[in-house]
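Protein chains in written order, with the numbering used here: chain A, 308 to 521; chain B, 308 to 521.
Protein chains: 2
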Amino acid sequence: MSDDERASQSRTTYRHGDLRGALIAAGVEMAREGGPRAIVIREATRRAGVSPNAAYRHFADRDALLKAVSDTCLGLAADRIEQEQAAHPKTGDAVADARLQLRTVGLGYIAFAREEPGLFRTAFSVPDDLRQALSPAKAGVNGLTPFQLLSLALDALVDSGALLPARRENAEFLAWATVHGLGMLVIDGPLRGLTDPMIDFATERLLDMVDRGL
Amino acid sequence: MSDDERASQSRTTYRHGDLRGALIAAGVEMAREGGPRAIVIREATRRAGVSPNAAYRHFADRDALLKAVSDTCLGLAADRIEQEQAAHPKTGDAVADARLQLRTVGLGYIAFAREEPGLFRTAFSVPDDLRQALSPAKAGVNGLTPFQLLSLALDALVDSGALLPARRENAEFLAWATVHGLGMLVIDGPLRGLTDPMIDFATERLLDMVDRGL
DNA sequence: CGCCGATGTGTACACTGTCCACTACCTAGG
DNA sequence: CCTAGGTAGTGGACAGTGTACACATCGGCG
């Protein structure tokens, strides 16, 4: 019987084993269904089979738990982006590949927002800062954060010659803002009622716009 | 002594006069400082000088109040956009004016996000739908919603010949998503730490991108 | 004038975040 | 091997929240 198994059912030991991780996992699950507002300390401890106050050994307060869950969600976003990139193999043409790499970042990002709106909203429900955009806590399984994946794509674009170095600086902001906005508007902004094909189409046009306008 | 004055201090009448409006106003004030999460029924009733349950005569639950406050915030955003437009008088050149009109929508939108982050977040904290984007509840003092202001700007762009009609369809989504994303990232996303000039610069570049890429 | 529907009050309950004192356990040092 | 001390989890308590239910008050309409 592994530690995980022991932790998930009624445990026999006094110590939990990985309560911090269990609380975050519970938080992710609640966020998946109800967004950031659904993250509730007492419910998380209940799911971890532990008394409410045990959470305070690992998180200063609810906001600290929310922050940890939010970081985890960003990591999941990174995973989704990488999954999209894996689904679009390179062709060998450096320029085309670089442009595709940037496009897949956007596609994966939007896909994550649409597939996991609760997690997406949670990821951005907590004030952040550029200095922390590279924090390993926000990274996916491959150790890269969404911001890093975007930066890499833009670097590749410059390397291939498809983007002038003068236009490279801070291009992250433009690309990110564009795609982020679409994600937000699609999941609970005015674009919510749109059919899937319509969203697909809008996504393509948006990415075209970035491609052309960057 | 006006109704407003009577309502704001300890009232003498049993009836409040405009409790619904007072609760929304209180909600806006709380949202201004603490965002959507700070909107609290009991506190709103306290500020209105009324018992907690009185709110339930006017709102089904907290979410209903939140929704009403959110709509009001959208109206305030519309006002801020119109203010920006008023600050950029027309030149007489139809093409230049149309492009400026679109740009001022973006500028006003971002300005609102930066000046009133709490209200901005509140405006988009409630799931919405395109069918309600024109609802008068979301309109500013001139009766237009932000969405309508954007649509008008795009129409002007087509009329002036600066935008091909084929590209007009659903262009709202692209323009809105772009600017909305920047707003979100600036107020509590990774772009938060940026200095004002940096944000100004990013805004200009973003609007250039839309102008070029639409 | 009297009644009735709309508006506000009072009481109550379940639930939350979080503080405090306490307990069970693990482990390093003798 | 035993003990001291820190770490992790428990139990009880409190203030504050959303909200249901029954009741009080009042303005306007017949």
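Ideal Cβ positions, reconstructed from N, Cα and C, are used throughout, including at glycine.
The structure displayed is predicted, hence computed values, not measured ones.
So which residues on chain A does B/Gly-334 lean against when the C-beta distance must stay under 7 angstroms? Within chain A, no residue has its beta carbon less than 7 angstroms from that of B/Gly-334; the closest one is some 16 angstroms off.
Output yes if chain B places a C-beta closer than 8 angstroms to the C-beta of A/Thr-429; else output no. Closer than 8 angstroms: no.
If distances are taken between C-alpha atoms only, which option among B/Ala-444, B/Glu-479 and B/Gly-415 comes closest to B/Leu-278? Chain B is shown from 308 up to 521; residue 278 of chain B falls before or after that span and cannot be answered.
Near-chain A residues of the region 464–487 of chain B (beta-carbon distance less than 8 angstroms), N- to C-terminal order: Cβ contacts with chain A: Asn-477, Phe-480, Leu-481, Trp-483, Ala-484, Thr-485, Val-486 and His-487.
Do B/Leu-513 and B/Leu-498 come within 8 angstroms of each other at the CB atom, strictly closer than that value? Between B/Leu-498 and B/Leu-513, the gap from beta carbon to beta carbon reaches 8 angstroms or more.
So with CB distances below 9 angstroms, who are the chain A contacts of B/Pro-434? Chain order gives the chain A residues near B/Pro-434 as Ile-494, Asp-495, Gly-496 and Arg-499, where near means a beta carbon separation below 9 angstroms.
Assuming B/Arg-428 and B/Ile-494 make a contact with CB atoms under 8 angstroms, what is their CB distance in whole Å? About 7 angstroms separates the CB atoms of B/Arg-428 and B/Ile-494; that is less than 8 angstroms, so the two are in contact.
Counting along the chain, where does the alpha helix (DSSP H) carrying B/Phe-366 start and finish? Premise fails: B/Phe-366 is in no alpha helix (DSSP H) and is neither H nor E.
Candidates A/Ser-467, A/Ala-469, A/Leu-461 and A/Asp-466: which alpha carbon is nearest A/Glu-476's? By alpha-carbon distance to A/Glu-476, the top candidate from A/Ser-467, A/Ala-469, A/Leu-461 and A/Asp-466 is A/Leu-461.
Please list, in chain order, the residues of the region 507–520 of chain A that have any C-beta partner in chain B closer than 9 angstroms. Shown in chain order are the members of the region 507–520 of chain A whose Cβ falls below 9 angstroms from a Cβ of chain B: Phe-508, Ala-509, Arg-512, Leu-513, Asp-515, Met-516, Val-517, Asp-518, Arg-519 and Gly-520.
Please list the partners that B/Leu-437 has in chain A, where partner means a Cβ-to-Cβ separation under 8 angstroms. The contact set of B/Leu-437 on chain A, defined by CB atoms closer than 8 angstroms, consists of Pro-497, Leu-498, Arg-499, Gly-500 and Leu-501 in chain order.
At a Cβ threshold of 8 angstroms, is B/Met-337 touching chain A? So, not an interface residue.
Three-state class that DSSP yields for B/Glu-423 in the structure shown: If DSSP states are grouped into helix, strand and coil, B/Glu-423 belongs with coil.
Just the C-alpha distance for A/Val-433 and B/Tyr-321, rounded to the nearest angstrom, thanks. Distance between A/Val-433 and B/Tyr-321, taken at the CA atoms: about 42 angstroms.
On the CB-based measure, 16 or more other CB atoms within 10 Å of its CB, does A/Arg-406 come out buried or exposed? Buried, by the Cβ-count rule.
CB-CB under 6 angstroms to B/Thr-502, same chain, minus the five flanking residues each way: which ones, in chain order? Cβ within range, chain order: n/a, list empty.
Chain B partners of A/Phe-454, CB-CB under 9 angstroms? Neighbours of A/Phe-454 on chain B, chain order: Pro-497.
Report yes or no: is there a C-beta of chain B within less than 8 angstroms of the C-beta of A/Ala-440? Residue contact with chain B for A/Ala-440: present (Cβ-Cβ distance below 8 angstroms to some residue of chain B).
Neighbouring residues, chain A, relative to B/Leu-304 (Cβ below 9 angstroms): This structure cannot speak to residue 304 of chain B, because chain B is shown only from 308 to 521.
Find the residues of chain A that neighbour B/Leu-461, judging by a C-beta separation of less than 7 angstroms, and give them in chain order. Chain A residues near B/Leu-461: none, gap ~14 angstroms exceeds 7 angstroms.
A/Leu-426 at chain B interface by Cβ criterion, 8 angstroms: Output row for A/Leu-426: interface = no.
Step through the CB atoms of chain B and report whether any lies within less than 8 angstroms of the CB of A/Leu-372. It does not: the Cβ of A/Leu-372 has no partner Cβ on chain B nearer than 8 angstroms.
Within the chosen definition, does the region 405–423 of chain B reach the region 384–391 of chain B through at least 3 CB pairs nearer than 8 angstroms? A contact exists between the region 405–423 of chain B and the region 384–391 of chain B.
Which full runs of the alpha helix (DSSP H) of 4+ residues lie inside the region 378–463 of chain A, going along the chain? The region 378–463 of chain A contains these whole alpha helix (DSSP H) runs: 401–422 and 424–430.
Would you call the region 468–484 of chain B and the region 397–406 of chain B touching, i.e. three or more CB-CB distances under 8 angstroms? Contact between the region 468–484 of chain B and the region 397–406 of chain B is established, with three or more Cβ pairs separated by less than 8 angstroms.
Excluding sequence positions up to five away, which residues of its chain have a Cβ less than 6 angstroms from the Cβ of A/Val-402? Sequence-distant partners of A/Val-402 (beyond 5 residues in either direction) whose C-beta falls short of 6 angstroms from its own C-beta, in its chain, are Ser-467 and Ala-469.
N- and C-terminal bounds of the alpha helix (DSSP H) containing B/His-487: Membership of B/His-487 in the alpha helix (DSSP H) is indicated by the continuous run 478–495.
If you measure from the beta carbon of B/Leu-489 to each beta carbon in chain A, is any gap under 8 angstroms? Chain A contact via Cβ: present.
Enumerate in chain order the residues of its own chain whose CB-to-CB distance from A/Leu-381 is below 7 angstroms, with the five nearest sequence positions on each side excluded. If you ignore the 5 residues before and after A/Leu-381, its C-beta comes within less than 7 angstroms of the C-beta of Ala-430, Lys-445, Thr-452 and Pro-453, all in its own chain and listed in chain order.
In angstroms, rounded to a whole number, what distance separates the CA positions of A/Gly-425 and A/Ala-345? Cα-Cα distance, rounded: 9 angstroms.
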